[in-house]
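Participant: Going by UniProt numbering, the sequence shown runs without a break in its numbering and finishes at 180. No residue lacks a Cβ here, since even glycine has one placed at the ideal position from N, Cα and C. If you're wondering where the values come from, they're calculated on a predicted model, not measured in any experiment.
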Amino acid sequence: MTASSEYVYPSPLKGYEHLPPLSDEKNDDNKSFVNPKTNDLSKAYEEFVNPIGRGFDVHIYFFQENKAQTTFAHELWTRIRHEFPELRIYRVWDRPLGPHPVGMFEVDVVTPAQFGAFVSWLVINRGPLSALVHPNTDDDERDHTQRATWLGDRLPLDLSLFKQMREASMKSENVKGGPD
Numbered sequence: 001m002t003a004s005s006e007y008v009y010p011s012p013l014k015g016y017e018h019l020p021p022l023s024d025e026k027n028d029d030n031k032s033f034v035n036p037k038t039n040d041l042s043k044a045y046e047e048f049v050n051p052i053g054r055g056f057d058v059h060i061y062f063f064q065e066n067k068a069q070t071t072f073a074h075e076l077w078t079r080i081r082h083e084f085p086e087l088r089i090y091r092v093w094d095r096p097l098g099p100h101p102v103g104m105f106e107v108d109v110v111t112p113a114q115f116g117a118f119v120s121w122l123v124i125n126r127g128p129l130s131a132l133v134h135p136n137t138d139d140d141e142r143d144h145t146q147r148a149t150w151l152g153d154r155l156p157l158d159l160s161l162f163k164q165m166r167e168a169s170m171k172s173e174n175v176k177g178g179p180d
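Structure follows, in structure tokens:
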């Protein structure tokens with residue numbers, strides 16, 4: 001797993017530094033805080049935040065040698081295709097593929113509304129399976145590690161693929177920048 005200390009994190013308050021201080025007033029439940037009133041919802045309800053470009057991938061894993069999990073995965077895949085026909089749903093792989101260590105299938109969500117609907121549905125309906133939820137930015141390794149969220153048990157990914165891709169890209173750039 002990539003260490004989070006390898007990354008730079010801008011302050012989450014960037015752009016909010018000059019707002020008035022928040023109040024300590026509590027809501028009627030006497031637990032949660034009263035937030036400032038605004039007429040606008042966050043833009044994050046309508047579009048993913050930068051640098052998320054192509055939404056999120058959801059990889060749903062199963063142990064392919066476990067008959068019960070394999071059956072459940074195929075049934076879940078079928079249900080998702082019926083329940084969410086607007087989503088892009090890929091084939092079921094009964095073996096490791098790329099960085100993914102066991103059988104899996106992928107579902108892509110491309111809007112915040114799809115993300116909210118599908119991921120909340122999956123939290124309840126994934127059964128014994130684990131799922132990796134990651135954004136799609138221009139940094140595949142970081143997307144699969146530091147920016148990833150897991151539902152269920154976290155599985156170790158084979159991150160060597162990302163190193164190989166970086167090395168191939170660097171080699172390609174060196175060839176392009178070489179003598180004519």
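1. My output table needs one value for K14: the three-state DSSP class, helix, strand or coil.
2. Excluding the five sequence neighbours on either side, which residues of its own chain have a C-beta within less than 7 Å of the C-beta of D180, listed in chain order?
3. Just the C-alpha distance for Q18 and Q69, rounded to the nearest angstrom, thanks.
4. Look at the alpha carbon of E106 and the alpha carbon of E167, and state the distance between them as a whole number of angstroms.
5. Assign F33 to one of two classes, buried (16 or more other C-beta atoms within 10 Å of its C-beta) or exposed (fewer than that).
6. Taking the straight line between their C-alpha atoms, what separation do you get for V92 and W77?
7. Among all the DSSP beta bridges, which residues are the ones paired with D57?
Facilitator: Looking at the atomic coordinates:
1. coil
2. With a pLDDT of 49 at D180, under the threshold of 50, the modelled position of this residue cannot be trusted; read the value that follows with caution. Cβ within range, chain order: n/a, list empty.
3. Looking at the sequence provided, one finds His at residue 18 rather than Gln. For H18 and Q69, the distance between alpha carbons rounds to 52 Å.
4. 26 Å
5. exposed
6. 8 Å
7. D108, H134
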